[in-house]
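Have a look at the structure below before the remarks.
2 protein chains.
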Amino acid sequence: MFESAELDHDISKAAFRREEPKLREALLGAGKGETVNRLNEWMDPRHIEVQAFNAPSDEEAERPHLWRFWRALPPKGKIGIFFGAWHTEPILERVLGRISAARFQRHVSEIQRLEKMLCDEGVLLLKFWFHLSKQQQKKRLKALSRDPSTAWRVTELDRKLLDLHDDFAAVCEPFLRQTSTGEAPWIAIPGADPQYRYLAVGRTLLTALRERLDEKPVKRLPDRSPPLLPAIDNLNVLKSLELDQPMTKKQYEKAFDRWRARLNVLSRHPRFHDLSVVTVFEGNDAAGKGSAIRRVTRSIDARRYQTVPVAAPTEEERAQPYLWRFWRHIPRRGIVAIFDRSWYGRVLVERVEGYCSEADWMRAYREINEFEQQMAGHDIVVVKFWLAISKAEQYRRFKAREKVSFKRFKITPDDWRNRRKWDDYERAVCDMVDRTSTAIAPWTLVEANNKYHARIKVLKTLCEAIEEALKRAKKKRKKEGKRRKGRRGG
Amino acid sequence: MFESAELDHDISKAAFRREEPKLREALLGAGKGETVNRLNEWMDPRHIEVQAFNAPSDEEAERPHLWRFWRALPPKGKIGIFFGAWHTEPILERVLGRISAARFQRHVSEIQRLEKMLCDEGVLLLKFWFHLSKQQQKKRLKALSRDPSTAWRVTELDRKLLDLHDDFAAVCEPFLRQTSTGEAPWIAIPGADPQYRYLAVGRTLLTALRERLDEKPVKRLPDRSPPLLPAIDNLNVLKSLELDQPMTKKQYEKAFDRWRARLNVLSRHPRFHDLSVVTVFEGNDAAGKGSAIRRVTRSIDARRYQTVPVAAPTEEERAQPYLWRFWRHIPRRGIVAIFDRSWYGRVLVERVEGYCSEADWMRAYREINEFEQQMAGHDIVVVKFWLAISKAEQYRRFKAREKVSFKRFKITPDDWRNRRKWDDYERAVCDMVDRTSTAIAPWTLVEANNKYHARIKVLKTLCEAIEEALKRAKKKRKKEGKRRKGRRGG
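Protein chains in written order, with our numbering: chain A, 1 to 490; chain B, 491 to 980.
Here it is in structure tokens:
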């Protein structure tokens with residue numbers, strides 16, 4: 001893989017000086033035409049964001065490990081330069097023997113999917129790999145050490161890395177091979193000669209930007225997704241629910257006091273700080289999401305939760321890959337994040353209303369599962385509710401809302417319009433449940449014609465999920481404790 | 491993932507009878523229009539190929555494990571129905587604890603890439619998962635056992651599988667989640683009711699075919715591949731070769747006798763039967779591929795090698811994914827397959843001449859690496875030669891061939907045309923070497939201005955690669971022997 005990168009390029013200072021103005025001119029846009037004008041605009045330092053990733057901050061350590069890259073993504077119209085990205089950690093950990101082959105392989109898959117998603121979202125992803133052969137690396141360190149003015153740049157780590165050169169090669173070669181794809185190939189840059197390096201990166205960037213800008217946009221990509229299972233009979237996961245569940249007001253009040261107390265105690269549990277909770281509320285219009293959410297928030301200390309109402313994306317959010325606006329709200333440790341509507345918008349309203357292409361919502365199932373797996377893998381409890389009411393019950397609630405003046409704002413023409421697409425939404429919900437109810441982040445379908453029953457089921461499910469997670473956390477701690485002890489003993 | 495699939499569908503015989511003719515009509519094409527006519531044509535049993543995959547035959551066991559699926563792929567215009575495909579083995583092996591988590595994860599990645607490649611090649615891939623809950627499975631076995639006319643259908647394996655139901659669920663759920671993509675999502679079919687099953691599969695197939703046929707073909711997919719590293723200076727892996735290597739005829743003859751004998755002995759080595767060898771010959775026109783190949787074949791017993799000359803694909807080959815015509819020539823154990831030109835055509839002539847889109851040849855690097863990894867993982871020694879001559883040397887050889895009547899057929903207008911694109915080909919070769927010279931299947935660049943030197947370097951490289959592989963095979967055997975002994979001891 002490093003055949004070209006190991007050649008000893010040596011661009012003379014003179015040649016570089018000859019080339020450099022041309023490159024600068026092109027990158028900075030003294031040329032003509034719209035393309036170069038756009039480039040010019042971009043190449044302005046205000047449009048470049050440089051990010052370096054060192055050890056994660058405490059803010060970052062409390063989130064899934066990809067969180068810090070998501071928050072650093074450049075919006076549309078900007079160039080983000082990442083020094084070391086999601087590739088660095090897995091390679092390093094594997095070389096140092098801190099993660100198993102299986103874990104490493106999972107990282108590789110994760111990276112493949114992340115990069116595919118970014119490319120699908122329109123990101124131009126250029127991955128440069130600066131390569132030095134062992135020989136070249138030795139030479140570089142020697143040269144730096146000899147000169148007193150640069151000797152300080154050679155750290156203990158540099159020397160250690162040189163010793164590990166062969167181990168690195170054994171990990172990096174298959175890593176690069178496996179993460180090099182048509183849309184996001186690795187570009188190995190011979191790292192020995194700074195002039196060469198500069199020209200190679202600059203020209204690649206320039207050519208890539210030009211190519212992308214010159215490209216005629218395709219209106220509609222061909223739909224390569226096969227259709228999902230069509231309805232065969234009148235049975236589906238929603239229709240099989242018994243939506244009218246019995247519960248009187250009195251029963252409810254008693255139960256509410258009980259579950260509220262339990263949730264409160266759980267949220268103050270000492271091990272709760274090892275977790276965070278992400279709850280998603282989705283459901284039919286007027287199914288009672290808001291009132292169910294209030295029963296949750298009334299049960300927890302205000303410093304322990306944050307609610308995230310999800311409406312149309314802001315301008316800033318539209319300039320980012322779809323999931324960006326949800327990643328940014330992943331809570332810190334010990335916090336319950338409550339999403340009032342969520343990332344499922346893509347496979348519900350956006351699908352039904354045609355706001356995105358079929359290819360987009362079809363790939364979203366995969367991306368959402370991946371997102372939730374990232375959370376679950378980081379000890380975040382993901383609890384998802386679909387509040388279901390019948391069509392008749394919805395009609396009653398709409399009408400009732402129109403009558404009560406202070407509730408009238410809650411019912412809009414949109415609601416009536418959505419209602420007309422009831423069957424399409426039902427279909428979308430069933431597909432969503434089938435494709436995203438997973439062992440790590442299952443959907444709970446809540447029969448909500450009786451709102452008392454709905455609220456209690458929500459609280460109960462949430463409590464049980466947290467209890468389960470606390471138990472898992474305890475086991476994990478014990479196991480880690482034992483392992484530590486074992487290590488000390490050995 | 492199995493929410494819908496666990497519903498108890500029960501299509502009454504009457505309802506089925508009502509539906510069935512409609513479905514049959516649609517599938518068998520009593521309808522109108524071109525679409526249905528095409529469907530009609532396809533639904534003819536002559537256009538459906540049903541494949542079942544049981545334990546691999548000895549023919550199959552001697553090839554990489556995906557080989558039997560490649561050979562079973564339906565050509566364009568046909569429907570292949572696979573009962574159990576590349577998914578079955580990894581799941582089964584993992585449930586039975588025969589493969590590690592890391593190995594299982596590698597299978598998952600491999601499957602993701604295989605299916606992506608198939609979809610990129612235009613295959614409509616429908617993956618049906620027939621799901622039975624544990625309860626339903628129990629009921630089914632009981633019902634079958636009770637009836638003497640069906641009791642024979644219940645095997646010991648069925649009972650064992652029932653016991654393993656929870657283990658299966660634990661492996662299958664994440665497996666399905668990870669291998670479900672936008673282009674090839676899993677479609678879970680409730681498996682309890684045969685009528686339902688039949689309708690569900692039939693309708694999905696019908697809808698999918700209609701959708702694909704109705705789709706307007708997009709002329710050119712947008713190019714999402716960034717450009718590869720541009721030439722910065724006048725140095726590249728080919729230009730850095732010293733093409734004129736000294737060797738006299740006398741030296742050559744002596745060396746040839748020596749290497750020829752060595753290769754012959756190696757090919758008769760008892761452990762050679764645990765291996766196979768795939769050699770690839772690529773190079774400039776008139777670089778001497780043919781004569782180098784003859785030196786190899788003259789060194790081996792005729793029953794031990796097969797040469798595969800690669801020219802334009804046949805009609806049958808054009809109806810298959812690109813790599814199909816190379817998969818079919820993967821040799822059995824103990825055989826040396828010699829490819830005179832190869833799968834690298836896609837990133838050489840097809841790229842330079844524009845026979846395929848940039849997206850196609852860009853993804854080919856990944857697919858080729860995957861292909862060779864499959865081979866290497868199955869103890870196939872992959873040896874790849876690029877025979878390089880200078881532009882001046884090529885001119886001399888072309889002219890010489892034109893003068894000698896019995897060699898005149900070897901020089902065609904194509905050769906002169908290709909020569910005019912010398913720089914484009916050079917660029918393509920450098921990219922090819924950078925992107926596909928891997929630790930498991932490295933390229934050997936052969937300086938071929940002096941054909942004596944070239945031939946000897948080919949023989950020597952081949953011998954050394956086989957020797958290495960024989961050593962590895964010995965080590966592997968020893969290790970396996972130890973493990974077996976260890977098991978017996980325990």
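Glycine included, each C-beta is placed from N, C-alpha and C at the ideal position.
Residue pairing by DSSP puts A52/A in a beta bridge opposite F83/A. Separation of the CB atoms of P565/B and A809/B is rounded to 4 Å, and the pair is thereby assigned contact status at 8 Å. Sequence-distant Cβ neighbours of D223/A in its own chain, meaning closer than 8 Å and more than five residues away, are S357, E358, A359. Within the DSSP secondary-structure output, A827/B pairs in a beta bridge with V768/B, Q796/B.
Taking every protein chain shown into account, the CB of I466/A has 16 or more other CB atoms within 10 angstroms, so this residue is buried.
Here the C-alpha atom of Q735/B lies approximately 7 Å from the C-alpha atom of N939/B. Under the three-state reduction of DSSP, T150/A is assigned to coil, being neither helix nor strand. Taken in chain order, the members of the segment 186-205 of chain A whose beta-carbon sits within less than 8 Å of a beta-carbon on chain B are I187, A188, I189, Y196, L199, A200, R203, T204. Here Q251/A is exposed. Its C-beta has fewer than 16 other C-beta atoms within 10 Å. For I111/A, no beta strand (DSSP E) run applies; the uninterrupted alpha helix (DSSP H) run containing it begins and ends at 101-120, by DSSP. Taking CB atoms only, Y834/B has no neighbour in chain A less than 9 Å away. Listed along chain B are M491, E663, R667, each with a C-beta nearer than 7 Å to that of T438/A. Between the segment 693-702 of chain B and the segment 642-662 of chain B, the count of C-beta pairs closer than 8 Å stays below three; the two stretches do not touch. Interface residue (Cβ-Cβ distance to chain B less than 9 Å): P227/A is classified as such. Between Y365/A and chain B, the shortest Cβ-Cβ separation is below 9 Å.
For F256/A, the three-state secondary structure derived from DSSP is helix.
For F861/B, the uninterrupted alpha helix (DSSP H) segment begins and ends at 848-866. Under the 10 Å beta carbon count, N284/A is surrounded by 16 or more other beta carbons and is classified as buried. For L161/A, there is no enclosing beta strand (DSSP E); the residue is found in the alpha helix (DSSP H) stretching over 156-163. With a beta-carbon spacing of about 5 Å, T307/A and I338/A fall inside the 8 Å limit used to define contacts.
Contact with chain A is absent for S547/B, since none of that chain's Cβ atoms lies less than 9 Å from the residue's Cβ. At a cut-off of 9 Å, the C-beta of W443/A has a neighbouring C-beta in chain B. For L459/A and G481/A, the gap between their C-alpha atoms comes out near 33 Å. The alpha-carbon separation between W186/A and K897/B amounts to approximately 43 Å. W560/B is bridged by DSSP to nothing; it lacks a bridge partner. Taking a C-beta distance under 9 Å as the contact criterion, F875/B and W933/B qualify as a contact pair.
Of the candidates A776/B, R891/B, V919/B, the residue whose Cα lies closest to the Cα of L838/B is V919/B. Within the DSSP secondary-structure output, G283/A pairs in a beta bridge with L387/A. Residue pairing for K127/A: DSSP places it in a beta bridge opposite W186/A.
Residue-level contact check: P64/A does not touch chain B, since none of the beta carbons of chain B fall below 9 Å from its beta carbon. Interface with chain A (9 Å Cβ-Cβ cutoff): S494/B is included. Inclusion of L470/A and L263/A in the CB contact set at 9 Å is not warranted, their separation being larger than that value. For I380/A, the pairing in a beta bridge is given by DSSP as S276/A.
N859/B belongs to the set of residues whose beta carbon lies under 9 Å from a beta carbon in chain A. For T934/B, there is no enclosing alpha helix (DSSP H); the enclosing beta strand (DSSP E) covers residues 933-937. Interface flag for E701/B against chain A is set, since a Cβ pair is found closer than 9 Å.
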